[in-house]
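**Student:**
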Amino acid sequence: MYEPKIIAFFCKWCAGSAADLAGVSRMQYPANIIPIIVPCTGRISPRAIIEAFLNGADGVLIGGCHTPNDCHYMAGNFKAFKRVYLLKKMLKQFRIEPERLRIEWISATEAQKLVQVTKEFVSQIRELGPLMGEGDGKA
Amino acid sequence: MRVMGKLKLAIVYGAICGGCDVSLVNIGEKLANVLEKYDIVYWGAAIDGKADMLERLDKIDVAIYMGTVRTESNLKYAKLIRDKADLVVAYGACAVYGGIPGLGALMEPEEIMKIVSSTVTTESKEEIDLPEELKLPKILPTCTSLVEVLDPDVMAPGCPPGSISNDGLLKVLIDYAAGKKPEGKVIFGEEQSLCYECPRKPKDLNKIVMPGIYRLHEIRIDESKCFLEQGILCMGPATRAACEMPCIKNNMPCIGCMGPAPGVDDVGLKHLSAIASVLLVDKEKELLEKGLAKHLDKIVDPLGLFYKYTLPRSYLTKLSIKRKRRG
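Chains S and L are the protein sequences, given in the same order.
Under the numbering used here, the first sequence has 260 at position 2, and the numbering climbs by one with no breaks.
Under the numbering used here, the second sequence has 952 at position 210, and the numbering climbs by one with no breaks.
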């Protein structure tokens, strides 16, 4: 069966902590997700997202702090939101499904939400199929 | 035809609008210095000579290529000059980055031909039985910049290249005639982005706030203030400083024809990131996601805006084309 590869960029303070919490609470979430912890979602450049796709990811999930006031760096989550919003619009013009990119706000206590979002996203990507069709997946 | 002691210079076209030619001729009297040292063996627009002459030559010293690689014939001559010329110059945004014709990189050739032959202002295309030599060259599945096809030694960006590129080119040509071949790859322009040189640059480049997105006719533009601070989309932050800012000086924002600033490989993504970083930073917490999305929706065509001159060299284009081929 096809198993999608998903790169997840989690911010250290919120979604990253939620992933830790999910771990210590023994909540299970799909192993398709490869989490990368970054200091802030505002640090994720569009280039990093595209790099993930180029290296074989079928989807990219970004988890950050809730808006408006949770970001530890004042407004990094808004920067991430604006970039992702524009990038999704642009992906569509490049004939790549914008659904392959998703941004969610997950606080440090919301391990349950993290599990639910990852499960949902994995099944969505599974339905979309591999980004590069059949093959080694690498662009 | 052949003048002893002179070097051979060929100027070859790809898909071109003709602006590069005009820009080159605009150098004016200084061109005479080049002609003292060089013999122009081929230049479709200026001298009488057919392409087969170029094929018959064994060796060319310097070849200047203008335009995008769009047809089989473009590709053939691009490869030909790399084989025969010692020094290859990619002249203009099309040759270096893909340029405006490069915006067709994602379209199917059939799709393009259909548009070409079906608008009100164009001739409808009828299949006429022509002898082989009169047929138009086939268009390639996608279009690329010259840089992707071969490895030019000198790159002169710009649409069309301005005096910085032209002066640089003249210097390279004259030095080459004196026996000095440029070392490594040469790209004309400064090693920084346009914002650093802009006469309108604000006191602190790190504190630019874009108050929304407006089109040029929607507001009265202050001629001394940064475009981004007035809500006009300007591509200066990620564009190489290689022009004398004719647009900025004439109250028009930068559209990025000089290509990526040093250190940037995919310029569209950097433009996108730059705009997203400065847009409404002071009102984010009032507008929230919904309000910000509404403002961002004013960018109707992000691909056309951020990749106006560089689409064939974008990673996303390569991803998209490869994906299409795999089905």
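Virtual Cβ for every residue (Gly too), placed ideally from N, Cα, C.
From a predicted model like this one, the values you see are computed outputs, not experimental measurements.
(1) Taking only beta-carbon atoms, is R341 (chain S) less than 7 angstroms away from chain L?
(2) Which residues in chain L have a C-beta closer than 7 angstroms to the C-beta of R384 (chain S)? List them in chain order.
(3) Less than 7 angstroms between C-beta atoms, sequence neighbours within five positions excluded: which residues of the same chain meet that for A983 (chain L)?
(4) If you compare alpha carbons, which of L:L975, L:G846, L:Y755, L:I789 is closest to N816 (chain L)?
(5) With a threshold of 8 angstroms on Cβ separation, who are the neighbours of K943 (chain L) within its own chain once the five nearest residues in sequence on each side are excluded?
(6) With a CB to CB cut of under 8 angstroms and the five nearest residues on each side skipped, what residues in its chain are close to V1023 (chain L)?
(7) By how many angstroms is the C-alpha of R384 (chain S) removed from the C-alpha of M285 (chain S)?
(8) According to DSSP, what are the bridge partners of D781 (chain L)?
(9) Quick one: which residues of the stretch 845-878 of chain L get their C-beta closer than 8 angstroms to a C-beta of chain S? List them in chain order.
(10) Taking the beta strand (DSSP E) that V804 (chain L) falls in, what are its first and last residues?
(11) Find the residues of chain C that neighbour P843 (chain L), judging by a C-beta separation of less than 7 angstroms, and give them in chain order.
(12) Below 8 angstroms, how does it come out for the stretch 855-866 of chain L and the stretch 788-805 of chain L: are there three or more Cβ pairs, yes or no?
(13) Taking Cβ positions only, does L1019 (chain L) come closer than 7 angstroms to chain S?
(14) Assign Y918 (chain L) to buried or exposed, taking buried as 16 or more other Cβ atoms, counted over all protein chains shown, within 10 Å of its Cβ.
(15) Leaving aside the five residues before and after I758 (chain L) along the sequence, list all residues of the same chain whose C-beta is less than 6 angstroms from its C-beta, in chain order.
(16) Is V745 (chain L) close to chain S? Criterion is C-beta to C-beta, closer than 7 angstroms.
(17) Identify the continuous alpha helix (DSSP H) that holds F1048 (chain L) and give its terminal residues.
(18) Do you know how far the Cα of R305 (chain S) is from the Cα of R744 (chain L)?
(19) Relative to the alpha-carbon of Y331 (chain S), which residue among S:C298, S:I294, S:R341 has its alpha-carbon at the smallest distance?
(20) Kindly indicate the opening and closing residues of the alpha helix (DSSP H) around G931 (chain L).
(21) Run down chain S in chain order and give the residues with a C-beta less than 9 angstroms from the C-beta of Y1057 (chain L).
(22) Work out the CA separation of A366 (chain S) and W271 (chain S) for me, nearest whole Å.
(23) If you draw a straight line from the C-alpha of P988 (chain L) to the C-alpha of C885 (chain L), how long is it?
(24) Skipping 5 residues on each side, what residues in its chain have a beta carbon closer than 6 angstroms to that of I753 (chain L)?
(25) On the criterion of 16 or more Cβ atoms from any shown chain inside 10 Å, does F375 (chain S) qualify as buried, or is it exposed?
(26) Have a look at E960 (chain L) and I974 (chain L) and give me their C-alpha separation to the nearest angstrom.
(27) Per DSSP, which one or two residues make a beta bridge with G244 (chain S)?
(28) State the DSSP-derived secondary structure class of R744 (chain L), mapped to helix, strand or coil.
(29) Answer with buried or exposed for Y260 (chain S), where buried requires no fewer than 16 other C-beta atoms within 10 angstroms of its C-beta.
(30) With a cut-off of 7 angstroms, does the C-beta of K371 (chain S) fall near any C-beta of chain L?
(31) Helix, strand or coil, according to DSSP, for T1059 (chain L) in the structure here?
(32) Indicate the three-state DSSP secondary structure (helix, strand or coil) for Y833 (chain L) in the structure shown.
(33) Using a threshold of 7 angstroms, state whether the C-beta atoms of A980 (chain L) and K340 (chain S) are closer than that.
(34) Just to check my reading of the structure: I823 (chain L) and L912 (chain L) have Cβ atoms closer than 8 angstroms, yes? What is that Cβ distance to the nearest angstrom?
(35) Does DSSP put F267 (chain S) in a helix, a strand or coil?
(36) I'd like the list of long-range same chain contacts for Y287 (chain S), defined as Cβ closer than 6 angstroms, with 5 residues on each side in sequence excluded.
**Tutor:** Per the coordinate set shown:
(1) yes
(2) Correct list: empty, because the minimum Cβ distance to chain L is about 18 angstroms.
(3) G931, E932, Q934, S935, L936, Y938, E939
(4) L:Y755
(5) C937, C968
(6) V951, M952
(7) 21 angstroms
(8) L:K750
(9) L848
(10) 802-808
(11) The question asks about chain C, but that chain is absent: this structure's protein chains are S and L.
(12) no
(13) Here the sequence assigns Ser to residue 1019 (chain L), which means Leu is not the residue at that position. With 7 angstroms as the cut-off, S1019 (chain L) counts as an interface residue toward chain S.
(14) buried
(15) M808, G809
(16) Residue placement at V745 (chain L) is flagged as unreliable, the pLDDT there being 48, under the threshold of 50; the coordinate-derived value follows with that caveat. Judged by the 7 angstroms Cβ criterion, V745 (chain L) is not in contact with chain S.
(17) 1044-1048
(18) Since pLDDT at R744 (chain L) reaches only 46, below the 50 mark, its modelled position is unreliable, and the value read off the structure follows with that caveat. Using only the alpha carbons, I get a separation of about 51 angstroms.
(19) S:C298
(20) First-last for G931 (chain L): undefined, no H or E at that position.
(21) R305, I308, E309, F311, L312, A397
(22) 7 angstroms
(23) 28 angstroms
(24) W785, I806
(25) Reading off the sequence, residue 375 (chain S) comes out as Val, not Phe. It is buried - the Cβ of V375 (chain S) has at least 16 other Cβ atoms within 10 Å.
(26) 10 angstroms
(27) Outside the modelled stretch of chain S, which goes from 259 to 397, sits residue 244 (chain S), for which no answer is possible.
(28) With a pLDDT of 46 at R744 (chain L), under the threshold of 50, the modelled position of this residue cannot be trusted; read the value that follows with caution. Note: R744 (chain L) maps to coil in three-state DSSP.
(29) exposed
(30) no
(31) helix
(32) strand
(33) no
(34) Incorrect: roughly 20 angstroms between the Cβ atoms, too far for contact.
(35) strand
(36) V373, T376
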